[in-house]
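>
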Amino acid sequence: ERVEMTPLMVIKKDGKRELFQREKLKAGIMKACEKRPISMEKIEELVEKISTEMRNRFYVEVPSQEIGGAVMRVLYELDKVAYVRFASVYREFKDVGDFLKEVKDMEKGGRDGNGRK
């Protein structure tokens, strides 16, 4: 006998909804961690941690910003290069200035891994 869970829906920035895809989360983390000293085992652990957190906090629907914020927090603690890579896509950096500002804020310890001072 299997317990059936309600599918977790992601509310995108534009208001559209799509089914939460664990593989999409994993792909984003893997891309940020590319060529970094982070094992697949660790990536799987992060994906499981974030997936479980989202399911526990948002039983039916989760805003995409919450998922992105959770990824940013774990990457900030794990690997600053992976964090900046993910942040550059997630926050839609427009130019090198945005990138440099993020790095400077990190150097000053001014970010909490979720973009807040």
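The opening position of the sequence shown corresponds to residue -6 in the numbering used here, with each subsequent residue numbered one higher. We put the beta carbon where it would ideally sit given N, CA and C, even for glycine. No experiment lies behind these values; they were computed from the predicted model shown.
Could you please give the first and the last residue of the uninterrupted beta strand (DSSP E) stretch that includes Leu12?
Residues 10 to 12.
> Arg29: which of Ile4, Leu1, Asp72, Glu100 sits nearest, CA to CA?
Out of Ile4, Leu1, Asp72, Glu100, Asp72 has the C-alpha closest to the C-alpha of Arg29.
> Below 8 Å on the Cβ atoms is my guess for Glu46 versus Ala63; work out the distance and round it to an integer in Å.
Indeed, because the Cβ distance is near 6 Å, the residues count as touching under 8 Å.
> Consult DSSP for Val53 and reduce its assignment to one of helix, strand or coil.
Coil.
> Spatial neighbours of Lys35 within its chain, please: CB distance less than 8 Å, with the 5 preceding and 5 following residues excluded, ordered by chain position.
Cβ within range, chain order: Leu71.
> With DSSP as the reference, label Met33 as helix, strand or coil.
Three-state result, Met33: helix.
> In the structure shown, what three-state DSSP assignment does Met2 receive?
In this structure, Met2 counts as strand in the three-state DSSP scheme.
> In this structure, how does DSSP classify Phe92 when only helix, strand and coil are distinguished?
Note: Phe92 maps to helix in three-state DSSP.
> Under three-state DSSP, which class holds Lys101?
Three-state DSSP puts Lys101 in coil, outside helix and strand.
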